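Trainee: Take a look at this one; I'll ask things after.
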Amino acid sequence: MEFEDTVNQRHSIRNYSDKKVDPDIIRKIVEIAQKSPSWVDSQPTKVYVAKGKALDNIRTAYQKNDQAKIKSQPDLPVMHREDWNERTQENMQQWRHEIVHHFDDFDQAHTQMTGASVNLYHAPVILFITIPKNSSQWSIFDAGLFSQTLMLAAKNEGLDTIPNYTSVRFPDVVRKEISIPDDETLVVGVALGYASDQTINSFESSRKPVADILKSDN
Ligand SMILES: Cc1cc2nc3c(=O)[nH]c(=O)nc-3n(C[C@H](O)[C@H](O)[C@H](O)COP(=O)(O)O)c2cc1C
1 MEFEDTVNQR
11 HSIRNYSDKK
21 VDPDIIRKIV
31 EIAQKSPSWV
41 DSQPTKVYVA
51 KGKALDNIRT
61 AYQKNDQAKI
71 KSQPDLPVMH
81 REDWNERTQE
91 NMQQWRHEIV
101 HHFDDFDQAH
111 TQMTGASVNL
121 YHAPVILFIT
131 IPKNSSQWSI
141 FDAGLFSQTL
151 MLAAKNEGLD
161 TIPNYTSVRF
171 PDVVRKEISI
181 PDDETLVVGV
191 ALGYASDQTI
201 NSFESSRKPV
211 ADILKSDN
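Residue numbers (UniProt numbering): 1 to 218.
This is how it looks when you write it as structure tokens:
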């Protein structure tokens, strides 16, 4: 695929079909993601594959936690929406507005969005991205670069993804099913698979005009 096509065709997929993911493809896209730059070549990122029974168990445990109204305990802190700067809050508001308008009715939007997170997108695979606990904040940046390359490599192989906070809300649950050492921080989950035909998947969020973010005085 041409580079720009790959970039343009990637968008977050929030509901997956049952089609399984070939482990060789996972290996291939992780190897491509390893080409990402990192601070002093520290290569802090690790990838843990959750699928099958282990992923089903994670899903069930998350649902139980939510039913019991247990508060999320992510390894990385989450900032309350109202504490973000105004421009960022506006972007988030716009995104919510767009996603509801993508559907004919609010109830359908609500059902599919809630269903997406409750079921961890029905993804056949979630790749859990970690960095060492004992690392610089720059390692989070490195993990971001790695994750984006990973998602583009996946798209290039015809696979869909969504980077998500949803699947890292309860690190203890993930650690119980997947052997992630205690000295690693769970940064993000990247759901991986093939898009279903749910309406939610045809939603593509807009971007601000480039002039809003590209500043050049000369
Ligand atoms: C670190 C990170 C965490 C995210 N967590 C979630 C999430 O928990 N739920 C969700 O629906 N989308 C999540 N997203 C996806 C964003 O909403 C999405 O990337 C953004 O709206 C832009 O849309 P696009 O990915 O389709 O281009 C996350 C994205 C990032 C980068």
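Even glycine gets a Cβ: it sits at the ideal position worked out from N, Cα and C. Since the model is a prediction, treat every value here as computed from it, not as a measurement.
At a cut-off of 6 Å, is P163 close to ligand 1 when judged by its beta-carbon and the heavy atoms of the ligand?
Mentor: yes
Trainee: Is the segment 113-133 close to the segment 37-54, with three or more CB pairs under 8 Å?
Mentor: yes
Trainee: Buried or exposed for L214, please, with buried defined as at least 16 other CB atoms from any protein chain shown within 10 angstroms of its CB.
Mentor: exposed
Trainee: Pull up the distance between the alpha-carbon of Q89 and that of Q34, whole angstroms please.
Mentor: 33 Å
Trainee: Using only CA atoms, which one of D5, Y16 and F3 lies nearest to N201?
Mentor: Y16
Trainee: Report yes if the C-beta distance between M151 and T161 is below 7 Å; otherwise report no.
Mentor: Closer than 7 Å, so yes.
Trainee: Per the DSSP calculation, I70 is bridged to which residue(s)?
Mentor: In DSSP, I70 forms no bridge with anything.
Trainee: Taking DSSP as the reference, what is the three-state secondary structure of V214?
Mentor: A small correction: the amino acid at residue 214 is Leu; Val does not occupy that position in the sequence shown. Coil at L214, not helix or strand.
Trainee: Going by the C-beta, is Y188 closer than 6 Å to any heavy atom of ligand 1?
Mentor: According to the sequence as given, residue 188 is Val; it is not Tyr. Yes, Cβ of V188 sits closer than 6 Å to a heavy atom of ligand 1.
Trainee: Based on the DSSP output, what are the partners of Y48 in its beta bridges?
Mentor: F128
Trainee: With DSSP run on the structure shown, which of helix, strand or coil describes N164?
Mentor: In this structure, DSSP gives N164 an extended state, which the three-state scheme calls strand.
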